[in-house]
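Peer 1: Residue numbers (this note's numbering): 106 to 688.
Glycine residues also receive a C-beta, built at the ideal position from the N, C-alpha and C atoms.
I'd like to ask you about the structure that follows.
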Amino acid sequence: MREIVIALVIRGLERLAQEGVLPPELARAFAERSAEFKVERPREKTHGDFSTNAALVLARQAGMKPRDLAQRLLDAMAADPASGVRCTIAGPGFLNFYLSEERLRQLIPQILQLGSKYGQTQVGTGERILVEFVSANPTGPMHVGHGRGAVTGDAIARLFAAIGCQVEREYYINDAGTQIDVLGRSVLFRYRECLGYPASAPADYYPGEYVTEIARALIERDGERWLSASERDGTRATLERPPEAVIDFAIDWVMQEIRADLELMQIRFDRWFSERSLHREGGIERALSHLSQQGWLYEGVLEPPKGREVNSDEVDGRKQLLFRASRFGDDADRPLLKADGTPTYFAADIAYHFDKAQRGYTRLVDVWGADHGGYVKRVEAALEAMTGRKGLLDVVLTQMVNLTQGGKQVRMSKRAGTFVTLRDVVDETGADAVRFWFLTRSSGAGLDFDLDLAKSKSNDNPVFYVQYAHARVCSLEVKLRERELEDVAGDLARLTAPEELDLIRLLGLFPETVESAAWSREPHRVTYYLSDLAAAFHGYYNQFRILDEDPQVRGARMALVRATGRVIANGLDLLGVSAPESM
RNA sequence: GCGCUCGUAGCUCAAUGGAUAGAGCAUCGGCCUUCUAAGCCGGUGGUUGCAGGUUCGACCCCUGCCGGGCGCACCA
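Right, dumping it as structure tokens:
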């Protein structure tokens, strides 16, 4: 719908350029959405369906008063009244556009014809985007925080795809490092215990029940193979360094669980990228030597952080390999090798992002938990150092999820082993509720997830509210058949009520909502839109009898209702939520 | 102390630099003999944390305070 107005403005700009009032490049910049002025939706209804601030923004450049320029632009657009667009000058120099009722109604057959494609555009054509998300350590089950990142990343990927971008989804498996060793030790500890050779617990281990499950599975496969003689007589503590095969087994087990959890929420990845593969296949050396060639690495001593107590054993003052992150906006330079000579997590992450950068994407999106927020700058710095490009990476941080039940907070702690897993929550409330709910807030805001409310079938539950609107549409279809009413196309001109025209306007807003949600990486805009649309539909449904006696009216209202149902279904699909036909 | 982030109705939160800042919950009051009341309609409720600045125009951008969250050496 917006294209109608955009086309008009472009025509006006081109004509003013011919007349020498405005520079000629403006029209193209505007068409490409790179101009400073734009077509927007006025908040106030009396200001029309669309407005543009072009005259306000360009007045100085044109050496004219805003209202005078607005008049010139208005004349130049030569909006033909027959086109169904009326245009007026208002306020300090806005141009307001009013679509005729006839023009509005034309949207209905358009939506019905486009079907599942309505809402999709091609404005992102040419973009190749990689969305990396979840990337939870394979050291235990996913919790609800991971779930929020999973749902957010997947929705962002869907949004980009909807505006014509090429999108890939990727999961970075942190299957290296000390936490993995801890997992291995934890499994071995339980393994011995299960075999009847109790040992002292390792200094650091995961207490969760799932570790014992892994141990039992290991016994089932390998028997007592991983017990040494000294362990059998209980004289030795659990191995410091578990065998690779045991670690592999544990990682595979956990990753299988994680994949199953993601599958439960309909989340699928195009690629699973292993951190260990970087270590094994020289990826880290390659990335570091690349950085080194550019001169961004050096041997130096790190300044201790200010204003914070640092243990004396933490500060060794040794010379080490550092990356000049501070040259690219980070707060400090960052170490790349641990004291034992193995790469830091950051070094591996540099290598991973180097790999991604070399694959030719136009844009990288990483979805991280907010607790990793302090890490953003250094990765951005590394990417800029490696590619010479700023702004290739967009990091979306998701804030914590606060789980409540019956008004009480449900405490989660991985260390204490008392946490509610994502799967618990999905089993309890369903994937639709989890997905929708996790997208009801901007990702930067904390989120309360009320288990009882998410399950409830009430109007307080936004998921059901929206899904119910769709079910109502379908229910009307059923009623239409049951009563054997003639299903005529109807006369759309019979849709004259303000409620009907407003509903159409709202339907016309959908593609713009999708576009802005995608570019801003804010899926919650779609969620809000759907709640608004559902509210408008419920109101309409309550006030007007859809299955009217008059077949022309009935047909027209059914067309509007079907279009509404279609948009709700398309919107829910972008969030990965189902659109049930009955509830 | 530094960095990131958030401060908007009693609560939880929206609002691509636009015109009179919106929803839901809560609260108060209405609507079922009709297509699903799993719904709808109406009322109450605001100095957008504070102070400056940029702009024709600021919840939004910049600066400084105040307050909450997260992070801050070779943990990931």
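For ASN507, which three-state DSSP category applies?
Peer 2: Sequence index remark: in the first sequence, residue 507 carries index 402 (1-based). If DSSP states are grouped into helix, strand and coil, ASN507 belongs with the strands.
Peer 1: Whose C-beta lies closer than 7 Å to the C-beta of GLY189 among residues of the same chain, with five residues either side of it excluded?
Peer 2: For the purposes of this step, residue 189 is taken as the residue at position 84 of the first sequence. These residues qualify, in order along the chain: LEU204, SER205, GLU207 and ARG208.
Peer 1: Assuming LEU426 and GLU404 make a contact with CB atoms under 8 Å, what is their CB distance in whole Å?
Peer 2: Numbered from 1 along the first sequence, position 321 holds the residue referred to as residue 426. Numbered from 1 along the first sequence, position 299 holds the residue referred to as residue 404. Right, their Cβ atoms sit about 6 Å apart.
Peer 1: Starting from PHE554, follow the beta strand (DSSP E) in both directions and report where the run begins and ends.
Peer 2: Numbered from 1 along the first sequence, position 449 holds the residue referred to as residue 554. Here the beta strand (DSSP E) through PHE554 covers 552-555.
Peer 1: What number of angstroms, rounded off, separates the C-alpha of ALA598 from the C-alpha of ALA661?
Peer 2: Residue 598 sits at position 493 when you count from the first residue of the first sequence. Residue 661 sits at position 556 when you count from the first residue of the first sequence. Approximately 8 Å, taken between the alpha carbons.
Peer 1: Between which residues of its own chain and THR449 is the CB-CB distance below 7 Å, once the five residues before and five after are set aside?
Peer 2: Position 344 of the first sequence, counted from the first residue, corresponds to residue 449. Only PRO440, LEU441, LEU442 and LYS443 meet the Cβ criterion.
Peer 1: Is there contact between the stretch 574-586 and the stretch 653-669, where contact requires at least three CB pairs shorter than 8 Å?
Peer 2: Cβ pair count under 8 Å is three or more, so yes.
Peer 1: Answer with buried or exposed for ALA437, where buried requires no fewer than 16 other C-beta atoms within 10 angstroms of its C-beta.
Peer 2: Start at 1 with the first residue of the first sequence, and residue 437 comes out as number 332. So ALA437 counts as exposed.
Peer 1: Output needed for PRO129: all residues of its chain with C-beta closer than 7 Å, excluding positions within five of it in sequence on either side, in chain order.
Peer 2: Along the first sequence, read from residue 1 onward, the residue named residue 129 stands at position 24. Contacts found: ALA122.
Peer 1: On the DSSP letters alone, give me the boundaries of the beta strand (DSSP E) that ILE651 sits inside.
Peer 2: Looking up residue 651 in the first sequence gives position 546. Per DSSP, ILE651 belongs to no beta strand (DSSP E) and is neither H nor E.
Peer 1: Please confirm if the stretch 289-309 is in contact with the stretch 230-241, defined as three or more CB-CB distances below 8 Å between the two stretches.
Peer 2: Counting Cβ pairs under 8 Å, fewer than three are found: no touch.
Peer 1: One question on the structure: do LEU590 and ASP366 come within less than 7 Å of each other, judged by their Cβ atoms?
Peer 2: Here residue 590 corresponds to residue number 485 of the first sequence, with the count starting at 1. Here residue 366 corresponds to residue number 261 of the first sequence, with the count starting at 1. It is not a contact, given that the beta carbons lie outside the stated cut-off.
Peer 1: Secondary structure at ASP537, three-state DSSP: helix, strand or coil?
Peer 2: Taking the first residue of the first sequence as position 1, residue 537 is located at position 432. Note: ASP537 maps to helix in three-state DSSP.
Peer 1: Rounded to a whole number of angstroms, what is the C-alpha to C-alpha distance between ALA602 and PRO147?
Peer 2: Stepping through the first sequence from its first residue, residue 602 is reached at position 497. Stepping through the first sequence from its first residue, residue 147 is reached at position 42. Between ALA602 and PRO147, the C-alpha separation is close to 21 Å.
Peer 1: Roughly how many angstroms lie between the CA atoms of THR632 and SER547, to the nearest whole one?
Peer 2: Locating residue 632 in the first sequence gives position 527, where the first residue counts as 1. Locating residue 547 in the first sequence gives position 442, where the first residue counts as 1. About 10 Å.
Peer 1: Would you report the Cα separation of LEU219 and GLN225, rounded to the nearest angstrom?
Peer 2: Against the first sequence, residue 219 aligns to sequence position 114. Against the first sequence, residue 225 aligns to sequence position 120. The alpha-carbon atoms of LEU219 and GLN225 are separated by roughly 9 Å.
Peer 1: Just to confirm, are ASP375 and GLU273 a CB contact at a threshold of 7 Å?
Peer 2: As a working mapping, residue 375 is identified with position 270 in the first sequence. As a working mapping, residue 273 is identified with position 168 in the first sequence. Result yes, Cβ atoms of ASP375 and GLU273 sit closer than 7 Å.
Peer 1: Can you tell me whether ASN675 is buried or exposed? The criterion is at least 16 other CB atoms within 10 Å of its CB, across all chains shown.
Peer 2: In the first sequence, residue 675 corresponds to position 570, counting from 1. By the neighbour-count rule (16 or more Cβ atoms within 10 Å), ASN675 is buried.
Peer 1: Would DSSP call ILE194 helix, strand or coil?
Peer 2: By 1-based counting over the first sequence, the position of residue 194 is 89. DSSP places ILE194 in strand when its eight states are reduced to three.
Peer 1: Please look up how many angstroms separate the CB atoms of TYR276 and TRP377, rounded, as I've assumed it's under 8 Å.
Peer 2: On the first sequence, position 171 is the one that residue 276 refers to. On the first sequence, position 272 is the one that residue 377 refers to. Rounded, the Cβ-Cβ distance is 5 Å, consistent with contact.
Peer 1: Could you say which of LYS513, ALA136, ALA538 and ARG468 lies nearest to GLY252 if we only look at CA atoms?
Peer 2: Translated into positions along the first sequence, residue 252 becomes position 147. Among LYS513, ALA136, ALA538 and ARG468, the Cα nearest to that of GLY252 belongs to ALA538.
Peer 1: Express the C-alpha separation of GLN648 and GLN657 in angstroms, rounding to a whole number.
Peer 2: Start at 1 with the first residue of the first sequence, and residue 657 comes out as number 552. Start at 1 with the first residue of the first sequence, and residue 648 comes out as number 543. Cα to Cα, the separation comes out at about 18 Å.
Peer 1: For the alpha helix (DSSP H) holding PHE294, just list the boundary residues, first then last.
Peer 2: The residue given as residue 294 occupies position 189 in the first sequence. Counting along the chain, the alpha helix (DSSP H) containing PHE294 begins and ends at 283-299.
Peer 1: How about ASN566 and LEU556: do their beta carbons lie closer than 7 Å?
Peer 2: As a working mapping, residue 566 is identified with position 461 in the first sequence. As a working mapping, residue 556 is identified with position 451 in the first sequence. In this structure, LEU556 does not lie closer than 7 Å to ASN566 by Cβ.
Peer 1: Determine which residues share a DSSP beta bridge with VAL236 and list them.
Peer 2: Against the first sequence, residue 236 aligns to sequence position 131. According to DSSP, which records beta bridges pairwise, VAL236 is partnered with ARG274 and VAL470.
Peer 1: Could you check whether the stretch 483-500 touches the stretch 465-473, counting it as contact only if at least three pairs of C-beta atoms, one from each stretch, sit closer than 8 Å?
Peer 2: The answer is yes - the stretch 465-473 touches the stretch 483-500, with three or more Cβ pairs under 8 Å.
Peer 1: My output table needs one value for GLU145: the three-state DSSP class, helix, strand or coil.
Peer 2: Numbered from its first residue, the first sequence carries residue 145 at position 40. Reduced to three states, the DSSP call for GLU145 is strand.
Peer 1: In the DSSP output, which residue or residues are listed as bridge partners for TYR403?
Peer 2: As a position in the first sequence, residue 403 is number 298, starting the count at 1. TYR403 is bridged to LEU427.
Peer 1: In the structure shown, what three-state DSSP assignment does ARG727 receive?
Peer 2: For the chain, the structure presents residues 106 to 688; residue 727 sits outside this window and is missing.
Peer 1: How do the stretch 540-554 and the stretch 255-273 stand: do at least 3 beta-carbon pairs fall below 8 Å, yes or no?
Peer 2: At 8 Å Cβ cutoff, the stretches touch.
Peer 1: For ARG295, count the other beta carbons within 10 Å of its own beta carbon; 16 or more makes it buried, fewer makes it exposed. Which is it?
Peer 2: On the first sequence, position 190 is the one that residue 295 refers to. By the 10 Å Cβ count, ARG295 comes out buried.
Peer 1: As a quick exercise: from PRO347, VAL256 and GLY245, pick the residue whose alpha carbon is nearest that of GLU318.
Peer 2: As a position in the first sequence, residue 318 is number 213, starting the count at 1. For the residues PRO347, VAL256 and GLY245, the minimum Cα distance to GLU318 belongs to GLY245.
Peer 1: So, ALA430 versus ARG483, is the Cβ gap smaller than 7 Å?
Peer 2: Counting from one through the first sequence, the residue named residue 430 turns up at place 325. Counting from one through the first sequence, the residue named residue 483 turns up at place 378. Closer than 7 Å, so yes.
Peer 1: Out of curiosity, what's the CA-to-CA distance linking VAL672 and GLU124?
Peer 2: As a first step, residue 672 is located in the first sequence; it is residue number 567 there, counting from the start. As a first step, residue 124 is located in the first sequence; it is residue number 19 there, counting from the start. VAL672 and GLU124: Cα-Cα distance of roughly 43 Å.
Peer 1: Does the beta-carbon distance from ALA641 to LEU612 come in below 7 Å?
Peer 2: The residue you call residue 641 lines up with position 536 of the first sequence. The residue you call residue 612 lines up with position 507 of the first sequence. No; because the gap between Cβ atoms is not below 7 Å, this pair is not in contact.
Peer 1: Label ALA490 either buried or exposed according to how many other C-beta atoms from any shown protein chain fall within 10 Å of its C-beta, with 16 as the threshold for buried.
Peer 2: Along the first sequence, one-based indexing puts residue 490 at 385. Buried is the call here.
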